[in-house]
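Take a look at the structure set out below.
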Amino acid sequence: MKIKALALIFLLLAYVVIVSWLTRYMEQRPVAIKLGYTPSASALKLVCGDQRHVLAEWSILKVIFYFGSLTDKRPNSIASPPEYYNMFKTVETAIELDPYNMDAYYFAQAAFTWEVGHAQDVNRLLSYGMRFRTWDYYLPYFAGFNAAYFLKKPQDAAMYFKKAAELSRNTLFTNLAARYLYEADQTQIAIPFLIMMIDKSTDTTEKALYTRRLEALQAAQAIQKGIEQFEIKYGNKPVTLQELVITKILSEIPTDPYGGTFYLDDKSKVRTTSKLAPVNTGQNYSPIIKP
Amino acid sequence: MRKSATLLLAQITLRATLRDRVLHMLLGAGFFILLLVPAFSLFSMRQVQELAITLVLSIISLFLLVSAVLLGTSSIWRDIECHYTASVLGLPISRTAYVLGKFFGTAFFLSLSSFFLGMVSSAVMALAAAQYPAQQPILWGTFAYAVFFYSCKYILLAAVALLFSAISTSFFLPVFGTIAIFMAGSASQEVMAYLSSDKVVQLSAVSKSVTKALYYILPNFSAFDLNVYAIYSLPLPLFGLAYTFAYFLVYTAIILLLAAWSFAKRELT
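Chains A and B, in that order, give the protein sequences.
Residues 0 to 290 in numbering that gives the first Met the number 0 are what the first sequence lists, from first letter to last.
Residues 0 to 268 in numbering that gives the first Met the number 0 are what the second sequence lists, from first letter to last.
Structural data, given as structure tokens:
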């Protein structure tokens, strides 16, 4: 009994010594942080059965931790180029396993647009997700942002913002949709969309915001029609908007409810100095939402 | 007489199962991991509640899978090994009643476990959801359906295990046969979907026919998977649930009939 107790004490002491050596060794040992290859979703679906949602979430967490390790460099880590391709494939696999997984879309949006410049691929994933997360306005909002900011595709941006606006009834998305439809020369679609949103709205502030945008787009459309008439009549486009008034096509240049002034750009497209965003000139603009 | 004998044997099977220490450990581990779910679910960036539901359903599924395989495969085989079957069948009890008693005892244990794990899971989910409420609220009815259909799925698997146990003289066929059937039955819907897609061009007509035949013969376990509805609070397809439940009843009845029939033919020495 006494020998056993002594042996136990000796072993415990030996353990304490060894574990401290081991800890120091493990801290200094070079670490290669790798993500590696993820098997295809079709193959995984065959073997994981009803655990595919867990597997999808695990895959996403694996990518998040790996992505975190890229920014948080440890002194003993072995430098290797970031595995962006494997990261994207893993996220894609997770989405195929669980197309409702919001973490996957959120991570794809956060990591592959700003950092990697793959907004086109991210929008492909987001469009796929929209077929499943039919209630979620975040996906069309992300896609709209990517289309507008990274891809410079106002028509796609308008379509996504319109979808986000319909799902969320958020004034921001409605205004963004109308704005990008205007940018994409789709004012004729923007106007009925705004009229529909005004009809649906029960909030007076919201109605006022939409009405202001509607008035701005209707003004721009009226000028655009005047330009088309001018072109039919004179065979060329006017150089300035004043020509429309001088030729009596328009009685006056409509005012911009945002406080800007309409003008013609070098492609003869109707523009406004307000860029359809409130400009406080002290004359025309009055804020709808009081500060 | 048969009815009462079946019930009596079911009661005895249940009591024996409730005394099984391996299952106590499994259940304890299940409860312990369930309690960790609120902490684990915080790893998610945007879907804490959804991850909590995913994890609890996964734990329930794994516990029921292990229990169904262990109980279904060992019950008859263990009784024969311990010469318990000979003593029981010496009484005026038919072999069919014996098989059915074993099955109902196991099925009752799986249902009870589902109920208790489901209750603990609900508390865990409520706690996780309170930390970061999701866009969609938890649909408790849908979650209850998901757990209920899990219990149906694993009761069906236990019936398959019992069939192997009634046929086989060794422990290996019931265990590995049941696991193989479980894996094949879980994948059959995916294989069928793959076969129906445009991607398949090289597969011969015979292979396609054999695969299709297997699809109809094997139990379709993916029909019982309501995870996506419970996790993302989607509306349940009620007709689909009715079909699945009817499928469960009929398939289990066929398997039990085959198990009783093969056990009746078996020579017990």
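Ideal Cβ positions, reconstructed from N, Cα and C, are used throughout, including at glycine.
Apart from the five residues just before and just after residue i, which ones in its own chain have a Cβ nearer than 7 angstroms to its Cβ?
| i | result |
| --- | --- |
| B/Val-47 | Ser-40, Leu-41, Ala-127, Gln-130 and Tyr-131 |
| B/Pro-136 | Ser-232 |
| A/Gly-303 | Beyond the ends of chain A as shown, which are 0 and 290, falls residue 303 of chain A; an answer cannot be given. |
| B/Ser-110 | Ser-150 |
| B/Ala-263 | Arg-94 and Thr-95 |
Going by beta-carbon coordinates alone, are residue i and residue j separated by less than 8 angstroms?
| i | j | result |
| --- | --- | --- |
| B/Ser-73 | B/Leu-25 | no |
| A/Val-62 | A/Phe-111 | no |
| A/Ala-157 | A/Tyr-137 | no |
| B/Leu-33 | B/Val-55 | yes |
| B/Phe-220 | B/Ser-195 | no |
| B/Ile-92 | B/Ser-164 | no |
| A/Ala-221 | A/Asp-255 | no |
| A/Leu-213 | A/Leu-193 | yes |
| B/Thr-269 | B/Ala-158 | Not covered by the structure: residue 269 of chain B. The range shown for chain B is 0 to 268. |
| B/Ile-176 | B/Val-146 | Before going further, note that residue 176 of chain B is Gly rather than Ile in the sequence given. For B/Gly-176 and B/Val-146, no; Cβs fall outside 8 angstroms. |
| A/Leu-216 | A/Thr-186 | yes |
| A/Ala-40 | A/Glu-95 | yes |
| A/Val-269 | A/Gln-223 | yes |
| B/Ala-57 | A/Gln-50 | The sequence given here has Ser at residue 57 of chain B, not Ala. It is a contact, given that the beta carbons lie within the stated cut-off. |
| A/Thr-272 | A/Tyr-262 | yes |
| A/Phe-87 | A/Asp-120 | yes |
| B/Tyr-214 | B/Met-182 | no |
| B/Val-279 | B/Val-36 | Residue 279 of chain B is absent from the structure shown; chain B starts at 0 and stops at 268. |
| B/Ala-222 | B/Tyr-246 | yes |
| A/Ala-164 | A/Asp-155 | no |
| A/Ser-126 | A/Thr-89 | no |
| B/Phe-30 | B/Val-87 | no |
Measuring alpha carbon to alpha carbon, tell me which residue in the options is nearest residue i.
| i | options | result |
| --- | --- | --- |
| B/Lys-101 | B/Leu-161, B/Lys-211, B/Phe-147 and B/Tyr-144 | B/Leu-161 |
| B/Gly-140 | B/Ala-133, B/Phe-171 and B/Phe-148 | B/Phe-148 |
| B/Ile-230 | B/Leu-8, B/Ser-113 and B/Ala-125 | B/Ala-125 |
| B/Leu-64 | B/Thr-105, B/Val-119 and B/Val-98 | B/Thr-105 |
| A/Lys-266 | A/His-117, A/Ala-218 and A/Glu-182 | A/Glu-182 |
| B/Tyr-97 | B/Ala-241, B/Gln-10, B/Ile-253 and B/Asn-219 | B/Gln-10 |
| B/Phe-107 | B/Ile-166, B/Cys-81 and B/Leu-17 | B/Leu-17 |
| B/Leu-8 | B/Asp-78, B/Ser-60, B/Leu-50 and B/Ala-51 | B/Asp-78 |
| A/Trp-134 | A/Gly-258, A/Arg-168 and A/Tyr-209 | A/Arg-168 |
| B/Thr-5 | B/Leu-225, B/Leu-99 and B/Leu-61 | B/Leu-99 |
| A/Gly-35 | A/Val-16, A/Gly-48 and A/Tyr-84 | A/Tyr-84 |
| B/Glu-189 | A/Tyr-14, A/Met-0, A/Gly-48 and A/Gln-27 | A/Gly-48 |
| B/Ala-301 | B/Ala-212, B/Asp-19 and B/Phe-114 | Chain B is shown only over 0 to 268; residue 301 of chain B falls outside these bounds and no answer can be derived. |
| B/Tyr-228 | B/Asp-19, B/Leu-88, B/Ser-203 and B/Glu-49 | B/Glu-49 |
| A/Phe-144 | A/Ala-109, A/Ser-58 and A/Trp-20 | A/Ala-109 |
| B/Leu-70 | B/Phe-238, B/Gly-27, B/Ala-204 and B/Phe-170 | B/Phe-170 |
| B/Ala-133 | B/Ser-43, B/Arg-265 and B/Ile-178 | B/Ser-43 |
| A/Gln-241 | A/Trp-20, A/Arg-23, A/Gly-234 and A/Glu-251 | A/Glu-251 |
| B/Ala-179 | A/Leu-45, A/Pro-80 and A/Leu-21 | A/Leu-45 |
| B/Ile-59 | B/Gly-27, B/Leu-255 and B/Ser-187 | B/Gly-27 |
| B/Pro-234 | B/Leu-22, B/Leu-138 and B/Ala-204 | B/Leu-138 |
Closer than 8 angstroms by C-beta to residue i: which residues in its own chain qualify, once you throw out the five before and the five after it? Chain order, please.
| i | result |
| --- | --- |
| A/Glu-56 | Ala-93, Asp-97, Asn-100 and Asp-102 |
| B/Ala-241 | none |
| B/Arg-1 | With a pLDDT of 47 at B/Arg-1, under the threshold of 50, the predicted position of this residue should be treated as unreliable, and no value is reported. |
| A/Leu-21 | none |
Under 8 angstroms by Cβ, that's how I've got residue i and residue j pegged, so tell me the actual separation to the nearest angstrom.
| i | j | result |
| --- | --- | --- |
| B/Thr-12 | B/Ala-259 | No, B/Thr-12 and B/Ala-259 are not in contact; Cβ-Cβ is about 15 angstroms, not under 8 angstroms. |
| A/His-52 | B/Thr-53 | 5 angstroms |
| A/Leu-60 | A/Leu-43 | Actually they do not touch by this definition, with Cβ atoms about 16 angstroms apart. |
| B/Pro-218 | B/Leu-155 | 6 angstroms |
| A/Thr-173 | A/Tyr-140 | Contact flag wrong, Cβ pair sits at about 12 angstroms. |
| A/Leu-124 | A/Glu-91 | 7 angstroms |
| A/Ala-177 | A/Ala-189 | 4 angstroms |
Considering only residues of the same chain and omitting the five flanking positions on each side of residue i, which have a CB-CB separation below 6 angstroms?
| i | result |
| --- | --- |
| A/Ser-68 | Ile-32 |
| A/Pro-286 | Because the pLDDT of A/Pro-286 is 43, which lies under 50, any placement of that residue in the model is unreliable, and the number read from its coordinates should be weighed accordingly. Result list for A/Pro-286: empty, nothing under 6 angstroms. |
| A/Leu-166 | Tyr-136 |
| B/Leu-257 | Leu-162 |
| A/Ile-8 | none |
| B/Lys-152 | Phe-220 and Phe-223 |
_Any alpha helix (DSSP H) of 4 or more consecutive residues that is wholly inside the segment 47-98 of chain A_ = 51-70 and 83-96
*asked:* In chain order, what are the residue ranges of uninterrupted beta strand (DSSP E) at least 3 long that sit wholly in the segment 209-249 of chain A?
replied: As far as the segment 209-249 of chain A is concerned, it has no whole beta strand (DSSP E) run of at least 3 residues.
*At which residue ranges does the segment 117-199 of chain B contain complete alpha helix (DSSP H) runs of 4 or more residues, listed in the order of the chain?*
139-166 and 171-195
*Ignoring anything shorter than 4 residues or poking outside the segment 36-96 of chain B, list the alpha helix (DSSP H) runs there in chain order.*
For the alpha helix (DSSP H) assignment, the uninterrupted runs of no fewer than 4 residues enclosed by the segment 36-96 of chain B are, from N- to C-terminal side, 47-80 and 83-88.
*Would you list, in sequence order, the uninterrupted alpha helix (DSSP H) runs of no fewer than 4 residues that lie entirely inside the segment 118-157 of chain A?*
118-129 and 137-144
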